[in-house]
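Novice: Sharing a structure, written as structure tokens. Questions coming.
2 protein chains.
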Amino acid sequence: MTTIRPVFYVSDGTGITAETIGHSLLTQFAGFSFVTDRMSFIDDPEKATEACARIRAAGERYQVRPIVVNSCVDQGLSVILAGSGALMLDVFAPFIETLEAELSSPRVSRVGQAHGMVDFETYHRRINAMNFALSHDDGIAVNYDDADVILVAVSRAGKTPTCIYLALHYGVSAANYPLTDEDLDSERLPPRLRNYRRKLFGLTIDPERLQQIRQERRPNSRYASAETCRKEVAIAERMFQMERIPTLSTTHTSIEEISSKVLATLGLRREMY
Amino acid sequence: MTTIRPVFYVSDGTGITAETIGHSLLTQFAGFSFVTDRMSFIDDPEKATEACARIRAAGERYQVRPIVVNSCVDQGLSVILAGSGALMLDVFAPFIETLEAELSSPRVSRVGQAHGMVDFETYHRRINAMNFALSHDDGIAVNYDDADVILVAVSRAGKTPTCIYLALHYGVSAANYPLTDEDLDSERLPPRLRNYRRKLFGLTIDPERLQQIRQERRPNSRYASAETCRKEVAIAERMFQMERIPTLSTTHTSIEEISSKVLATLGLRREMY
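Taken in sequence, the protein lines are chains A and B.
With the first letter of the first sequence counted as 1, position 269 gets the number 283 in the working numbering; the numbers rise by one all the way through.
With the first letter of the second sequence counted as 1, position 131 gets the number 145 in the working numbering; the numbers rise by one all the way through.
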């Protein structure tokens, strides 16, 4: 029997930082069933008192000490939360003093700096990158001059979600080029891409997995047949290799991992949002 | 003069956890110019040695001790990185022992658990949510039965990026409904939405800001005129209020904040990816 353990991500902001680090920590423990709950915008003593009561109640229900991963910048709120009796993990506390000493500068306690709209221009660039990804998604009538990266792949190999992730989190203008039957017949780099070699990144995928995905989309079509999938993937991979386009298989790779690899491979240095 | 300080996010995985917590920490110090660099997939001693050399070089170039925010699960790699002389902030170290004691269980050191494709089914749901958002973006021919949330707003108020964020990070099926001229004329909740009251969330925006955004899209159109923007926003806000639809202004709110508020307000409990 796995033990159930309630975990709360509490923040005076969105809670994204608390949940990111908390989730990373929990994945390092096996055999537990963590029941997680996010409490965001806990930004005054009243809300903290309410949160405290809910945390305590969870401990009573499951008969086990809850875990609180806390990113409240206001120390007073953390004190209130600690009244719940939970194990308190403060995601900033262990680093702030070290940084204050290193930088010879006190911390400025402002809430919502990490995931708020702090820098309007940067934010605007990011939204524009997103619109770029959405409007450059079909490979038709696309001007690749403005693209930072062009993902090349057969249909349904993972181009669109990756483009959107790159735009949303790195402000990268990511276009994509779906390989057509004609491209695959020629087995050469499509003429429209030849001027953009340094921006190209190829995605590939297991033919069996591709078949599953296409089957959901257009059941029993030629498009979704095992033969079509096998053939398209084989030609695309050969083309990537011949044309020396960096390539990654998306079969067992998450959008986050693909995006990180694309940035690292093409040497695109962008801060993450 | 602001001091330049090189900061490295180093990880044997994507580096997302290290950069998220590192960025949150840096936003709490004012007056510094942090030059950040991400080193992802540093997963063997050779790569760690290379990374160490680059970190040391940055320290020599800027004549100041670099800061390393490190999320390598393998302790051996951290030791190599520390050879750079940088200030080492290990994002997991302060919490792991506490958690090991609390859970009476040793940590399982596996790389890439947090942002990798660990649970295939969950990942698939997330990609499906993304496809849902992309295909339910124009409000036309949309079946709202399958939506978890329906964002309602005038054109260009921030619906699309929010829907995509909700899908990508929370696996939420988010549809949107752009208020048409006809809807605005009637000043009532559009008939198509009346069966879905509990899923509705209204977005609003400063008319001046809306005008800027629309002006970029269709310069000098009636659509982008100050009068149109003012009128549309006023009617939409009145409608949200009369129909008691929870509402948020996107003018100074980031996608992350809007998404967190939507989830909290509609009581949608989803783990974050």
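Note that CB positions come from ideal geometry on N, CA and C, so glycine has one too.
Computed from a prediction, not measured in an experiment: that's the story for all the values here.
1) I'd like the span of the beta strand (DSSP E) that includes Asn190(B), first residue to last.
2) Leu165(A) and Cys177(A) - do their beta-carbons sit closer together than 9 Å?
3) Just to confirm, does Glu241(A) get its C-beta within under 8 Å of one of the non-hydrogen atoms of the ligand FAD?
4) Roughly how many angstroms lie between the CA atoms of His150(A) and Glu230(B), to the nearest whole one?
5) Considering only residues of the segment 217–251 of chain B, which uninterrupted alpha helix (DSSP H) runs meet the minimum length of 4 residues and lie entirely inside it, listed in chain order?
6) Are the beta-carbon atoms of Ser239(A) and Leu180(A) separated by less than 9 Å?
7) When the cut-off is 9 Å and only beta carbons count, does Asp51(A) lie next to chain B?
8) So, does the segment 136–151 of chain A touch the segment 199–215 of chain A, judging by three or more C-beta pairs under 8 Å?
9) Is there a C-beta anywhere in chain B that falls below 9 Å from the one on Thr34(A)?
10) Alpha carbon to alpha carbon, how far is Arg284(B) from Ala188(B)? Give it in angstroms, no decimals.
11) For the alpha helix (DSSP H) containing Ala71(A), name the first residue and the last one.
12) Could you check if Pro260(B) is buried or exposed, using at least 16 other CB atoms within 10 Å of its CB as the buried criterion?
13) So His129(B) contacts chain A; which residues on that side make the cut at Cβ distance below 7 Å?
14) In the structure shown, what three-state DSSP assignment does Tyr287(A) receive?
15) Report buried or exposed for Arg208(B), applying the criterion of at least 16 other Cβ atoms within 10 angstroms of its Cβ.
16) With a threshold of 9 Å between beta carbons, is Ile18(B) in contact with chain A?
17) Identify which residue in Ala65(A), Gln89(A), Asp88(A) has its Cα closest to the Cα of Ile81(A).
18) What would DSSP say about Arg19(A), mapped onto helix, strand or coil?
19) Tyr179(B) versus chain A: which residues are under 7 Å apart at the beta carbon?
20) When Cβ atoms are compared, which residues of the segment 157–180 of chain A fall closer than 9 Å to chain B?
21) For Asp199(A), count neighbouring C-beta atoms within 10 Å of its own C-beta (all shown protein chains included) and say buried if the count is 16 or more, exposed if not.
22) Taking 9 Å as the CB-CB cut-off, is Pro108(A) touching chain B?
23) On the three-state DSSP scale, how would you describe Arg52(A)?
24) Fully enclosed by the segment 106–166 of chain B, which alpha helix (DSSP H) runs are 4 residues long or longer?
25) Is the distance from the Cβ of Val21(B) to the Cβ of Asn84(B) below 9 Å?
26) Can you look up Leu40(A) in the DSSP assignment and give me helix, strand or coil?
27) Considering only C-alpha positions, which residue in the set Arg52(B), Asp162(B), Glu251(B), Glu114(B) is nearest to Tyr287(A)?
28) Please list, in chain order, the chain B residues whose beta carbon lies closer than 8 Å to that of Ile30(A).
29) Going by C-alpha distance, which of Lys61(A), Ile35(A), Pro120(A) is nearest Ala107(B)?
30) Taking the CB atoms as reference points, tell me whether Tyr191(A) and Ala167(A) lie closer together than 9 Å.
31) Which stretch, first to last residue, makes up the beta strand (DSSP E) that contains Asp88(B)?
32) Where do the ends of the beta strand (DSSP E) carrying Thr279(A) lie?
33) Tell me whether Gly29(A) is buried or exposed, calling it buried when 16 or more other Cβ atoms sit within 10 Å of its Cβ.
Specialist: Inspection of the coordinates gives the following:
1) 188–192
2) yes
3) Within the structure as shown, the ligand FAD is missing, as the structure has no ligands at all.
4) Glu230(B) has its alpha-carbon roughly 18 Å from the corresponding atom of His150(A).
5) Runs found: 221–231.
6) Taking 9 Å as the cut-off, the beta carbon of Ser239(A) is found no closer than this to the beta carbon of Leu180(A).
7) yes
8) no
9) yes
10) Going by the C-alpha atoms only, they are around 13 Å apart.
11) 59–76
12) That one is exposed.
13) Within chain A, the residues near His129(B) are Ser268, Glu270, Glu271.
14) coil
15) exposed
16) no
17) Ala65(A)
18) strand
19) Residues of chain A passing the Cβ test: Leu182.
20) Gly172, Thr174, Pro175, Ile178, Tyr179
21) exposed
22) yes
23) strand
24) 107–117, 134–149
25) no
26) helix
27) Arg52(B)
28) Thr34, Glu270, Ser274, Met286
29) Checked all of Lys61(A), Ile35(A), Pro120(A); the closest Cα to Ala107(B) is Ile35(A).
30) Remark: C-beta atoms of Tyr191(A) and Ala167(A) approach each other more closely than 9 Å.
31) Looking at the DSSP string, Asp88(B) is not in any beta strand (DSSP E), and its letter there is neither H nor E.
32) Unbroken run through Thr279(A) is the alpha helix (DSSP H), 269–280; no beta strand (DSSP E).
33) buried
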